Structures are given as C-alpha cells and as structure tokens.
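Protein chains in written order, with our numbering: chain A, 11 to 508; chain B, 543 to 1036. Since the structure comes first, as structure tokens, the remarks are kept for the end.
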Amino acid sequence: MSAQAWVPLAVVASSLLPGLIIFLLPEDRRGLRATLNLAGAFAKLALVGLMLWNVGRFQDYEARMTVLPGLDLVLRADELSLLFMSLSALLWLLTTVYAIGYLEDSPHRSRFFGFFSLCVSATAGIALAGNLFTLFVFYEILTLVTYPLVIHRGTPAALAAGRTYLFYTVPAGALLLLAVVASQVLTGPQDFVGAGYLKPFAEEHATTLVLLFVALIAGFGVKAALVPLHGWLPLAMVAPAPVSALLHAVAVVKAGAFAIVRVVYEVFGVEFAATLGVLTPLAVVASVTILYGSLRALMQDELKKRLAYSTVSQVSYIVLGTALLGPIATIGALVHLVHQGLMKITLFFSAGNYAETLGVHHVSEMDGIGRRMPWTTAAFTVGALGMIGVPPVAGFVSKLYLGAGAAQAGQWWAIGVLAASSLLNAMYFLPVLHRAWFRPQNGPWPHEDGRGRDAKPMLLLPVLLTALFSLGVGVLATMPWSPLEWAHLIMRKEYVGG
Amino acid sequence: MTGSAALVTVLAVPLAGAAAALLVGRRGAAVVGLLTSALGVVAAFALAAHVFAGGLQRVAVGGWAVPLGMELRADGLATAMLLMTAVIGAGISVYAWRYFGADDHHDRHVHPVGPSGSGSTQWLFWPVWLLAWGALNALYLSGDLFNLYVTLELLGLAAVALVALAGAGAAAAALRYLLFALLGSMLYILGVELLYAAHQTLDLLQLRERLQPGVSVWLAAALMSTGLLVKTAIFPLHVWLPPAHGSAPAPVSAALSALVVKAGFYLLARLWLDLFGSLPGASVAPLLLGALGAGAVLWGGVQALRQTRLKAMIAYSTVAQLGYLMIALPLAGRVTDGAMHAAVLLAASHAAAKASMFMCAGSLLAAYGHDRIDALTGFGTRLPITATAFALAAISLVGLPPTGGFVGKFALVEAAVRADAWWAVAVVLLGSLLAAAFLFHALSRAFVEAPADTASARVARAPQLVALALALLAVALVAAGEPLRHLLAAGAAN
C-alpha cells in the first residue's frame, strides 16, 4: 500500500462517517446534522482538490485490500476517476445545501441524509474503483443505499417505484456478478489500465469476450438507463427533488455511464473493442436511446417526467461518444459526463423550486412563471438551452466534439442522430421557455407558499451556482483545469496503445 | 494453554455448563449459561490460534491410541465450525437471557420480548441449549463414525427438546421433528454398522485408508447420506424444518436455523470429501447432493416468497440457504478447495444473519403481537435498531456487498465457473434473485407509515442490540475470506 493510500480512503470516509453519525441523530438536531453534512462535503471537496492537483502532476494514489485469493479491492485516483469524482463532490455539496432547504420540517430527515451520504460514498467508491471487482462492489452498494431514498415517502407510488427499481437493478447485479467472475477466471487479477487489458485473450476467447462485453454493458446499462433497460428511471421521480438530482446528475445514472466508459476504455480498450465488432451495436443502442428518450420527453406534461426522459436521452450521448472510435468522440463523451451533470442538476433544482414555491408540477401550469420566479427561470433557461446545444453553454461543447468525433470515425449517421436529437431537445424545451417567459399567467398558482418572489435562498443559491457552472465550463472550455482540458488528458492515455 | 488442552476445554465447557445449569436450577441457570458462553468463546479462539499456528490438533481420549481408544481432532474445517458455533452461540445466549428473563426485570412497563409468565419450565432452556452446543462441539471434534453417531443423536434430542419448550402449541412440530431426527439417526447408524463389519474400524482416517469398494460400502454410504439429508433438512426431506423453526421461541429458532442444521452439512462434507472421496465413481454422490441443493435453493426460495408470516418466511429461507452449501460439495474435490472455502464462508455468514433475523422476528412479534409481513408497517420508525439489523442481515442473505454472504457467494460462483458447472451458477444467481424478492418485500414494510391507531408496545432494547451485533458480524465477515483460507489450509489433515 502506498504512503498516500489514506487519501482515497478518506474521500470515501468523508461522506460515510457523517452519514453513519447522522443515522443516530434525533430528528430535531437540525443544526448538528447540517454541520456534519457540510463538513463532510467540504472535506471531500478539499481532498478531491488535493488529488486533482497531484494527479495533474502524474502522481497516482492507491489503496489495496485482498478479499479472496487473487481478488483485491482497489481504490485509486487517476485522471478518469477524478473527472467523475470532482463532479460528484461538487454537486454533493450543492445538493446538500439544497436538500437542507428543501426538506425543512419534513419527517425522517436523519434517515434521508444518512442514506444520502451513503449514496455519495458509494459513488466515490465507483469513481475511485481501480478494478472491475471494486467497481462492481460499489455499484451494488449504490443500488442498496439508493433504494431507501427512492421509497423515502413511503407512499404506494413510492413503494411501486422502489419495486421497479429493484426489479431492474437486482437482476442486473446478478448478471454483473457473473461477468465479473468470468473475467476474473479468464484473466486472473487485473487492474484497470489505459487502452485495456483483454486484447491478449482475443485469439482463444473471442466469443467469450463478446458475451462478456454484452453482460457488462447490460448490467451497467440499467443504471445508465439504456433503452430497453430504462423503465425504472421515469418512475423514480416520485422521490423528493434532491433525490432526483442525485439519481440524474450526481450518482446513479452517472455511475452507469461512467462504468460503461471504464469497461470500454480500460477493460477492453476502445481500439480492441472496435476490432471485436461490439462498438457499432453499442452505438446503435445508444442512438436508439437518444431518440426514444427525446421522443418520450416530448409527450410528457409533468415537468419532472419530461426531465427524466431527457436524462435517458442525454446520458446516452456519453455512451454514443464512447462507442465511436476516435479521440475526438472520446473527448466528447468524457466532457459530456461532466456537462450533462451540471445542466441536468440545474433543471431538476429548478423543477424542485417551482414545486416548492408555487406547487407547479406540470408544464401546462408554467405560463408566466418567469415573471414570478425570474432567477429560477433564468437558471432553468440556461440548463434548457445547454441541453439543446446553444453556444456558449456547456452542452454546445459536448455536441461539437461528439459531432466532430462522429465525422472523424466516419459514422455520418451518428451526426444525423445528434442533429435529430437536438431538434427534439428544442421541441420539448423551447415551448417550456416560451410559456415561462412570454405567456401571461393563466390563473392562480396551484399552491403558493406565500413568501417573497422567488424560491428561498437555500434553494436558489445552488441552482444559480450550477447554472453559472454550466455557462462557465462552456465559455472557459479551453482554459487549463476545465473539464474539456481534463478530458484531453484522459484521452491521451486511452489511445497510447494504438 | 496447550493445543490439546484447548481442544479438551472446547469440548468440556458447554457440557459442564449444561450440567451446572441443571444443578443450580431456575435461579442461576441464566448466569451459568452466560458464563459458559463467555468461556466457550475464549476456548474456541484459543483452539483456533493453535490450529492457525500449529496445524491439525489431536487428542487421544484416555490415552488409548486408535483403534482401541478414540481420538478428538480439530482440523481447519472443524475449527471454523467451532468458532462459528461459539460466537453465534454466545450471541444467542445473551439474547435468550433478556428474552426469557424479561419477566423478572424490574422495568415492568417495558414489554418483554419473550412470552410473559408462561411457565416455570423456561429455565430449562439453559441446560438443553448448552447441551446442544456441547453436542455440536463434540461432533465437530469427533474423529470416528460412532462418536459422530452419538453426538448426532444427542444434538437431535436436545434440538427437539428446545422446540418443545415453546409449550403445547409446538408439540406437533416437536413430535414431527423427533420422528425425523430418529429416522435420520437410524439410517445413519445402519450405515456405520455396515462399514464396521467390513473394515473393523470406525476411525475416519484409518477407514479412509482401508476402504474397499463394494456393495456394502455403497449401501453404507447411501444410508448414512440419506440419514444426514433428513437431519440437515435438505430438499425434499426438509418438511420438518419450517414448522419446527417457525413455531419455536426466537432464540431457539435462531440456534436451530443458524447452528444445528450446519452439523449435517459438515458431516456430509466429511463423508464425501474425506472418507468416500477415494472410491471409484464416488464423484456421482456429491453431484447428486448438489442437485438436491439446487432443488432446495429454488424450492425454498419460491416457498419463502409465498409465505405471509415472517417466521415461516425466514425458515424457508434456511431451506434455500442450506442448498447453497450442498451445491458446493460437487464443486470441491477436497475440504481445502475454493468451493469449501466458499461454503464455510456462506455457512458462517448465514449463521450470523439468520440468527439475527430470527431475533428481529422475535422483537417484531413482541411489538406488533403478530408476524404477518404485510401488517408490519412502519417498523423502521418504531424499532429502528431491529430494522437496521434486519436490513443488514437481509443484505448478507441475498449475497450483496459489503457482507460475508456476498464474498461467500462470489467465491461459490467463481468455483462453479472454474468447474464449468453452469447449472450451479444459474441456480445460485436465481436463488439470490428469489431471496431479494422476499426479503426486500419484508424490508419495504419498514418505510410505510404505520396507521396512527397502532398500539405502541415498547420493546426492550438489549435483545435488539444483540440482533444488531450479529447482523454487523455478518457484514464484518466480508473481511473473513483470507483468514479463513489460511485456517482451512493450516489445519488441513493430511
């Protein structure tokens, strides 16, 4: 174990320990609970900053523990893990602030924040996982600790959503177990490595490798909400808004997409995967998901449902970029991992603000809401325009690289998919913006909280910050330490072999 | 303490405790029980340390060498089972102390977990339970077939007595259990006699060297195995288990489900991996046992899913979990193989998780006055400690990380893939899906808001904390893989 092993362990512990203490707190200790949450979140952010700084100078961190013969749990910080880790650490902090404001006076807050912290710990484990086994272990833990958040409200709808969630994720876990065991038996102990490690086994085990790829993608594709494995996600929006933010931007869906990135680049190696012939089918699945999600989003009147289907679509941009061979598409996929998170959390925070402040849950109730809640709506607008791909918001940068990557890979049809999806994005977001800004209010708000103009500060501050970040990473995309520059850094590792 | 002294202590402590508990009678039995449990844990760890460092430990009883005398042996496998019995057994003792003793407690407004005031015979739990513990230890340490028969018989009778302690309501279940236990022993002893007639020794190691293939050996093997299958409650001979485990008081259910049924599995592993393993064509038998195990996993899982009462569900889950252990047998060539490593990990994790879960069921029964799963609404708010324990135990039983059940399942699937036994892979994975279905259903009741009019009986905290400790043990066993492998390898009998 290296001397710096404590750092990745501390990153996981910085949310795990506060979470465990919070479980024990009585409901009314709100001050202590908030302090613990925020202390953990700031500590995690500081640790991630430390790792970013050192990994940028090519120093890796690693902690290792043997579980079974030849089977290690490995936590390691490399460029790719930090891309996801930084995103989730930053958004955890903002979501915590938001959740403290959102859940004021609602029951079972200790339970909520406890599981919330465990979710973030599991996500940190996924980000820092140094091999397939570790990734799988934390992926399964994430399933377990998210379930109580999905059914948090205890209503029949919430319980049904939880059942559906498990119905998808538990069998996926069984499939992944099989895949991880099979790869363990095939290759022996192996850590993730740039450009993958399965190539030497291609001669004898080509069919097995294809099956392995399918099993891993299907298993991780459940959380990434690849069609037809997406069914749990739109239902899960019955959970409170901070949970939606967690599912869609910070942890769950992202974990699935991130795992797919790891599998393609650092288990198989993207160039080897291409020769194996598995990338094109994956690109097709991603494209179908992109278009299907957008089409379904178009049909939803309920705002959170529309956003949920939008996530189904947007997360597959990452998968599509991963499935296209070529450095530019890789950069597009990696950078969208961060960009989509920033934009989608902005949108879900905004939706939560509308629901909390005015009781507005449906698009059809949003006429004139821009005048009533200008700040929230401004943030929402930034997120929506970004999703469509309007410059200079983050989504533009992603789409630019994905499109150029498709061209570089010679997959012109993928450009068609991106264009069609952008059109659909515009069709389901622009009417919302039009209603919000340009239509007069058509009747009283469903359930006004009777305070001031916009949402309360605890809810407004996070959404303004994430909107600002969504703009910032787009405008400043070429600056050092931007997600785009970091994606460049990762890309160079993944094509070294070729 | 020397290795042989530790070995004798492990055997003597629970048996002496049982006698002492009987002698002091009602007033002091619980104290004796707790003291014995503490000593039992210390002795088991002392023995484990010797096996870890010095390999196989053996003692010739009375100084007579085999085959005239008999020998006690502790190899890695036996030591692992002894450790499991001691740690889980101690937990059960602490739980039982609060469960049966709550009546005498000054804190009268707290609802006792156990049946209140039902009788002057409850203290008998202690001598009988310690006797069962002693029989288990003796069984794991026995090196010859006749001793194994005696300990098996002793264990069976003690277990039946424990079930019968619940009173008239459990009489039918106890009687059924008794008949099955006697049937099992009878089949077993018939097999032993056949072997003795042919080979003039009962010592396992000597017998293994002298074993001559023939009809009588095969007949003996079949009789003994069938007898053990009955005792272990392996599908389709499991019918006695759900009523017996489901109707017993919580600590008894915990002891039976967590510890007693493991004895049969241990003996089957000994017979087919050690004794008969060298017979030509002997690999058929483990395969058959594995097939029965597969049936147990699926049948037990489906039946558990169909139960509407918590304790019955947990009991059927035991039927399924025993199936996993049987599946490991055809995958393992020897007791030190990866598959046996997986089986022992699974057995230990199951012991901790299942004991915890039956204890949780006891607390829930006390709080709600019933154990209908669908009506246990809001137990997360009413009994947060129990809900936490139940959740952790359930995660281990399903085989999800980070628990001992997960590592055991992973190792079992790995052994199956290495052996190209895809049927076993499929059954294990299907079994976990079934377990997830029924356990998460029960668990989700914790999150439902309870109706406002539910009477809120307060339940004692101490037993709930024991359940939590055992559930945490099931989680902590996630780190037991490597130490256990060393123990199995260090103590291998050559």
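Each residue gets a CB set at the ideal place from its N, CA and C atoms; glycine is no exception. These figures come from a predicted structure and were not determined experimentally.
| request: Identify, in the order they occur along the chain, each residue of the same chain with its Cβ nearer than 7 Å to the Cβ of residue 959 of chain B, setting aside the five sequence neighbours on each side. | output: For residue 959 of chain B, where only same-chain residues beyond five positions count, the Cβ hits under 7 Å are 967.
| message | I'd like to know whether the C-beta of residue 150 of chain A is nearer than 8 Å to at least one C-beta of chain B. | response | Answer yes: the Cβ-Cβ gap between residue 150 of chain A and chain B drops below 8 Å somewhere.
| message | Can you tell me whether residue 118 of chain A is helix, strand or coil according to DSSP? | response | Coil.
| field | Best match in A/185, A/49, A/183 and A/426 for proximity to residue 298 of chain A [C-alpha to C-alpha] | value | Closest in alpha carbon position to residue 298 of chain A, among A/185, A/49, A/183 and A/426, is A/426.
| message | Any beta carbon from chain A within less than 8 Å of residue 649 of chain B's own beta carbon? | response | No answer about residue 649 of chain B holds up, because its pLDDT of 41 lies below 50 and its placement is not dependable.
| Between residue 568 of chain B and the rest of its own chain, which residues show a CB-CB distance below 6 Å, the 5 nearest in sequence each way excluded? | 665.
| message | Counting only beta-carbon separations shorter than 8 Å, does residue 429 of chain A have a partner in chain B? | response | Residue contact with chain B for residue 429 of chain A: absent (no Cβ-Cβ distance below 8 Å to any residue of chain B).
| query | Taking 7 Å as the line, does the beta carbon of residue 264 of chain A fall inside it for any heavy atom of the ligand SAM? | reply | Of ligands this structure carries none, so the ligand SAM is not represented either.
| When you compare only the Cα positions, how much space is there between residue 650 of chain B and residue 1001 of chain B? | Caution applies to residue 650 of chain B, whose pLDDT of 40 falls short of 50 and renders its modelled position unreliable; the value that the coordinates give is listed next. Taking the straight line from one Cα to the other gives about 11 Å.
| Candidates A/59, A/452, A/233 and A/335: which alpha carbon is nearest residue 151 of chain A's? | When each option's Cα is compared against that of residue 151 of chain A, the closest is A/233.
| Which listed residue (B/550, B/642, B/879 and B/577) has its alpha carbon closest to that of residue 560 of chain B | In this structure, B/577 is the residue among B/550, B/642, B/879 and B/577 with its C-alpha nearest to the C-alpha of residue 560 of chain B.
| When the distance is taken between beta carbons, is residue 94 of chain A closer than 8 Å to residue 354 of chain A? | For residue 354 of chain A and residue 94 of chain A, no; Cβs fall outside 8 Å.
| field | Interface flag, residue 1024 of chain B vs chain A, CB-CB below 8 Å | value | Answer yes: the Cβ-Cβ gap between residue 1024 of chain B and chain A drops below 8 Å somewhere.
| task | Indicate the three-state DSSP secondary structure (helix, strand or coil) for residue 421 of chain A in the structure shown. | result | When secondary structure is reduced to three states using DSSP, residue 421 of chain A falls in the coil class, being assigned neither helix nor strand.
| Assigned exposure category for residue 452 of chain A - 16 Cβ within 10 Å defines buried | Counting Cβ neighbours within 10 Å, residue 452 of chain A comes out exposed, since fewer than 16 surround it.
| message | Give me the chain B residues within the contact set of residue 169 of chain A, using Cβ-Cβ distance strictly less than 9 Å, ordered along the chain. | response | Residues of chain B passing the Cβ test: 986, 989 and 990.
| said: Give me the residue from A/505, A/504 and A/491 with the minimum Cα distance to residue 67 of chain A. | reply: Checked all of A/505, A/504 and A/491; the closest Cα to residue 67 of chain A is A/491.
| Any idea what DSSP makes of residue 651 of chain B, helix, strand or coil? | Only weak support exists for where residue 651 of chain B lies, its pLDDT of 43 falling under 50; the value from the coordinates is given anyway. Note: residue 651 of chain B maps to coil in three-state DSSP.
| Buried or exposed (CB count within 10 angstroms, at least 16 for buried), residue 59 of chain A | It is exposed - the Cβ of residue 59 of chain A has fewer than 16 other Cβ atoms within 10 Å.
| field | Nearest-angstrom Cα separation, counted from residue 163 of chain A out to residue 121 of chain A | value | When rounded, the distance between both Cα atoms is 11 Å.
| query | Counting pairs of Cβ atoms below 8 Å between the stretch 623-632 of chain B and the stretch 581-589 of chain B, do you hit three or more? | reply | The stretch 623-632 of chain B makes contact with the stretch 581-589 of chain B, as at least three CB pairs between them are under 8 Å.
| field | Residues in the stretch 953-969 of chain B having any Cβ partner in chain A nearer than 7 Å | value | If the cut-off is 7 Å between Cβ atoms, the stretch 953-969 of chain B has 953, 955, 956, 959, 960 and 967 near chain A.
| Cβ of residue 747 of chain B within 8 Å of Cβ of residue 685 of chain B? | Yes, the pair counts as a contact, with Cβ atoms nearer than the cut-off.
| query | Alpha carbon to alpha carbon, what distance is there between residue 192 of chain A and residue 361 of chain A? | reply | Distance between residue 361 of chain A and residue 192 of chain A, taken at the CA atoms: about 43 Å.
| Going straight from the alpha carbon of residue 244 of chain A to that of residue 309 of chain A, what length do you get? | Per the coordinates, the alpha-carbon of residue 244 of chain A lies some 13 Å from the alpha-carbon of residue 309 of chain A.
| field | CA-to-CA distance, residue 331 of chain A to residue 238 of chain A, given in whole angstroms | value | One C-alpha to the other measures close to 19 Å.
| How is residue 312 of chain A classed by DSSP in three states: helix, strand or coil? | Annotated three-state conformation of residue 312 of chain A is strand, per DSSP.
| query | Taking 8 Å as the CB-CB limit, is residue 654 of chain B close to chain A? | reply | The predicted position of residue 654 of chain B is uncertain, since its pLDDT is 47 and thus under 50; a value taken from the coordinates is nonetheless stated next. No - not a single Cβ of chain A is within 8 Å of the one on residue 654 of chain B.
| said: Just checking: is the beta-carbon of residue 76 of chain A within a distance shorter than 8 Å of some beta-carbon in chain B? | reply: By this cut-off, residue 76 of chain A is an interface position.
| request: Determine whether the Cβ of residue 158 of chain A lies closer than 8 Å to any Cβ atom of chain B. | output: With 8 Å as the cut-off, residue 158 of chain A counts as an interface residue toward chain B.
| message | Rounded to the nearest angstrom, what separates residue 1033 of chain B and residue 496 of chain A at their Cα positions? | response | Across the structure, residue 1033 of chain B and residue 496 of chain A are spaced so that their CA atoms are roughly 53 Å apart.
| message | Quick check on the burial criterion: 16 or more other C-beta atoms within 10 angstroms. Buried or exposed for residue 990 of chain B? | response | Flag for residue 990 of chain B reads buried.
| field | residue 181 of chain A versus residue 56 of chain A: straight-line alpha-carbon distance, rounded | value | Roughly 37 Å separates the two Cα atoms.
| query | Closest by CA to residue 1005 of chain B, which one among B/1019, B/941, B/909 and B/1024? | reply | The residue from B/1019, B/941, B/909 and B/1024 with its alpha-carbon nearest to that of residue 1005 of chain B is B/909.
| Are any of the Cβ atoms in chain A nearer than 8 Å to that of residue 949 of chain B? | Taking CB atoms only, residue 949 of chain B has a neighbour in chain A less than 8 Å away.
| Hey, how far is the Cα of residue 205 of chain A from the Cα of residue 99 of chain A? | About 27 Å.
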